[in-house]
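Numbers in the working numbering are just positions in the sequence shown, counted from 1, shifted up by 6.
Glycine included, each C-beta is placed from N, C-alpha and C at the ideal position.
From a predicted model like this one, the values you see are computed outputs, not experimental measurements.
In what follows, a structure is listed as C-alpha cells, so that the remarks can point back to it.
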Amino acid sequence: MRIRSLFVLPAAVLVAIACGSSNGGGFEASDAGDGGGDGFVPPPIDVCSNGKMCVGNEIHTCDESGKAGAKVGECTGQGEVCLAGSCRKGCDAAAVLTSNVGCEFWAVDLDNEYNAVNDAAGAPWGLAISNAGDVPAEVVVEQNDATPGSPAKVTLFKRIVVAPRALQVLEMPTREVDGSLLGKNEGPGTMLSAQAFRIKSSEPVVIYQFNALRAQYSNDASLLIPTSALGRTYRALSWPSGKPISVFGSPIDRGYLTVVGTSESTKVSVRVSQAIVAGGGIPATPKGGLVEVTLGPFEVLNLETDGLPGDLTASVVVASNPVAVFVGTELSGGITSPSPTLPEGASSCCLDHLEEQLLPVESYGKKFTVPRSPPRGGTEPDYIRFMGVASAALVRTNLPAPDDSFTLEPGQVRDTLVKQDFVVDASEPVAVGQILVSAGYTNDGIGDPSLSVLPAVDQFRSDYLFLVPGSWRKNYVVISMPQSGTVKIDGNPLGADCTNSPMGTIDATAYVARRCPLPEGAHTMTGDQPFGIVAYGYGSAGSYAFVGGSNVKKIYNPPPLK
C-alpha cells in the first residue's frame with residue numbers, strides 16, 4: 007500500500023439514510039406482503055434490440071420504430087428477467103440497470119460517538135438485507151483478516167438465506183476504521199485498515215447499514231450502493247460536526263470521509279476541503295492538500311477532520327477503479343449559519359451521528375424535487391444544502407428570493423432554511439442535501455439531525471422496496487410524484503390519511519408531495535410513472551430520514567473536478 011500526502015494550494019455529492027434515536031430498538035425479520043411489486047421489476051416496455059424487445063417478462067418482436075409486435079418467448083426460469091429482448095439472470099440484469107438494487111455490496115463500521123454515558127462507537131451495528139425478487143437469495147458476508155497492503159485473507163463471517171420479498175437483519179461486530187482497538191474512540195481518526203465487509207448475494211437485494219443497530223442516543227444509517235453502480239469520481243456533500251474542537255477538555259466530534267477499495271491496485275486520491283489529522287502513516291494534511299493511497303479489496307482509507315468546521319463537504323475523490331465513498335460526522339447538531347429561531351422555552355438539544363454513502367458524480371443531475379420533512383408539531387424548518395459539482399451552475403428554484411436564483415461554482419456551498427416543498431432546475435448538475443434540525447427547535451420536542459442527499463428526478467424509479475425501522479413514535483414516507491401519476495403502497499392505493507401539497511413544475515410536469523404515515527416493516531411502492539421517496543421517523547431525541555432508493559444511471563460526463 008502506497009501513501010503520499012502532498013501540500014498544494016487550496017482548491018477553489020442516494021440513498022441514503024440518516025437516523026438517530028434514544029428509544030429505537032432493534033429490527034426483526036419481516037416481509038413486504040404480497041401486493042404491489044417485487045422490488046426488482048424490469049422496464050415494462052424495453053428498448054428494441056436486434057429485432058426483439060421485452061414487454062414485462064415477455065419477449066416480443068419489434069420494428070425500427072420500437073413498437074412491440076408478436077410475442078415470441080417468455081422468461082420463466084427461476085430468477086430470470088427480460089432485458090433487451092433476452093432472458094437474463096437477476097444479478098446480470100441488476101448490473102445493467104444500475105440502481106441501489108444489486109448483488110455485491112461493501113459495508114463498513116463508520117466512526118461514531120464515544121463518551122462516559124454513551125458508547126455508540128463500541129455498540130453493535132448491523133445490516134438489514136431485503137430480497138428484491140421472487141426467488142430466495144443466498145447471502146454471504148465476508149471479511150479480510152490480512153493487514154493492509156498484504157494479499158487478502160478472505161474469511162466467512164455469516165451465511166444466510168433471505169426469503170422472497172422478505173428482510174433479515176444481521177448484527178455486525180465492532181470493526182473500527184479510525185484506528186481504535188478497544189471501541190472507545192482512542193484511535194487517531196485518520197487511518198488505513200482492511201476493515202470493510204463484502205456482501206454477496208445470489209439474487210438482487212437492497213441493503214441498509216445501521217450504526218448503531220439499536221438505541222445508543224447516536225444512531226444513523228446508510229442505504230448501500232452495489233459495486234455495479236459505484237464510480238471512480240466523487241464530490242462529498244456532508245455537514246459540520248457538533249464539537250469539532252475541544253472546549254475545556256471535552257471530547258472532539260470529527261467529520262470523516264471514508265473510501266473503501268473494491269478491486270486490486272486501486273489508486274485513490276483525495277483532495278480535502280479542510281485540514282485532516284495524522285494517523286496510520288498518513289501525515290496531517292492541510293485544507294486543499296492531496297492524500298494518495300493504493301487500495302485493494304476490503305481496504306479502507308478513513309480521513310478525519312482537524313479543527314473547525316469539522317466538515318469535509320466539497321472534498322474530491324478520484325480513483326482508478328470503482329470505490330465506495332461514505333461521509334458523515336461522529337456527532338452533529340444540525341445547525342449552521344443562519345440558525346433557526348428556537349420556540350419559546352426550548353433548547354438547541356441534541357446532537358446526533360450522521361453517515362451517508364455517496365453516489366458517483368456521473369449520476370448527478372440538474373432537476374430535483376425537494377420534499378419538506380413531515381412537521382414535528384409546528385413550523386420548524388429544514389436545512390437545505392446546495393453544492394456545485396464540476397461546472398459553474400445557475401440554480402433556479404420556486405423558493406422566495408434570494409433563494410429563487412443563484413450561481414454555484416464547483417465545490418461552492420449554499421445553505422438555506424426552508425419550510426415548504428419545492429423544485430430545483432439548474433443549468434449544470436448540482437448536489438442537494440436535506441438536514442433535519444434538532445428536537446429543541448420543534449414544538450413536540452422530537453427528532454434530531456439527519457442527513458439525506460437527494461437523487462435527481464432523472465434517477466427516480468417506478469418501484470421501491472424499503473424498510474421502516476421499528477420503535478419510533480411517528481413514521482412517514484413522503485412521495486415526490488407527478489400530479490397525474492398513480493402510486494400504490496404494498497399494492498394498495500394511497501390512503502385518505504396521505505396529505506397532498508404542490509411542489510412545483512419541472513419540464514411542464516407538475517409535481518406534488520404526498521405525506522403518508524406508515525407502520526414499521528418492509529414495504530413496496532409502485533407507480534405508473536417514475537417517482538421519488540424519502541422515509542422519515544421521529545422519536546424522543548432521535549429521527550431517521552433516508553432516500554428509499556434510486557437509479558444510479560450514468561447521465562453526466564463531468565469535466566475534471568477542481
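- Selection A519, I390, A100 and K480 evaluated against T492 yields A519 as nearest (Cα-Cα).
- Closest in C-alpha terms to G533, from the list S490, V212 and T403, comes S490.
- Under the rule that a run must span 3 or more residues, the beta strand (DSSP E) segments found entirely inside the stretch 177-205 read 197-199.
- Nearest neighbour of G394 by Cα position, chosen from E86, T413 and D409, turns out to be T413.
- In the three-state DSSP reduction, Q465 falls in the helix class (H, G or I).
- Nearest to V160 by C-alpha distance, out of V147, R171 and A281, is V147.
- When C-beta atoms of the stretch 94-113 are compared with those of the stretch 229-239, three or more pairs fall below 8 Å, so the two segments count as touching.
- With respect to the C-alpha of G510, the residue from S433, Q426 and K206 having the closest C-alpha is Q426.
- Check the Cα spacing between F203 and each of K293, P170 and K164: the tightest is with K164.
- Just measuring C-alpha positions, the residue of L243, C356 and A330 sitting nearest G545 is C356.
- S379 and L442 do touch by the CB rule: their CB atoms are close to 6 Å apart, below 8 Å.
- In the three-state reduction of the DSSP assignment, D115 falls in the strand class, which pools E and B.
- The residues L89, in chain order, have a CB closer than 7 Å to that of V102 in the same chain once the five nearest residues on each side in sequence are set aside.
- Of the candidates L524, Q280, V436 and Y517, Q280 places its Cα closest to the Cα of G295.
- Going by C-alpha positions, S549 is about 22 Å away from S343.
- Pairing E361 with L116 gives a Cβ-Cβ distance under 8 Å.
- Annotation: V61 is outside any alpha helix (DSSP H); the continuous beta strand (DSSP E) that includes it extends over K58 to V61.
- About 7 Å separates the beta carbons of G555 and V212, which is inside the 8 Å limit, making them a contact pair.
- Between E177 and the set E434, Q215 and G527, the nearest pair of CA atoms involves Q215.
- Here the alpha carbons of A200 and T180 stand approximately 13 Å from one another.
- Across the structure, D496 and G286 are spaced so that their CA atoms are roughly 48 Å apart.
- A242 counts as buried, since at least 16 other C-beta atoms from the protein chains shown sit within 10 angstroms of its C-beta.
- Under the DSSP assignment, A320 falls outside any alpha helix (DSSP H); it carries neither an H nor an E label.
- Taking C-beta atoms as the reference points, K372 and E415 fail to come closer than 8 Å.
- Fewer than three pairs of CB atoms, one per stretch, sit closer than 8 Å, so the stretch 519-528 makes no contact with the stretch 322-337.
- Just so you know, the alpha carbons of Y470 and S252 end up roughly 43 Å apart.
- A distance below 8 Å separates the beta carbons of P536 and F466.
- Residue pairing by DSSP places G261 opposite T335 in a beta bridge.
- Shown here, V53 sits in coil according to DSSP, grouped into three states, outside any helix or strand.
- Residue state for T233 is assigned as helix, using DSSP reduced to three classes.
- Looking at the DSSP output, D409 shares a beta bridge with no other residue.
- The straight-line gap separating the alpha-carbon atoms of E70 and E80 is approximately 21 Å.
- Within the same chain, Cβ atoms closer than 7 Å to the Cβ of K95 are found at G85 and E86, the five residues on either side in sequence being excluded.
- Look at A100 here: in three-state DSSP terms it is helix.
- Here DSSP, grouped into helix, strand and coil, assigns G446 to helix.
- With the rule of 3 Cβ pairs closer than 8 Å, the stretch 437-455 does not count as touching the stretch 522-531.
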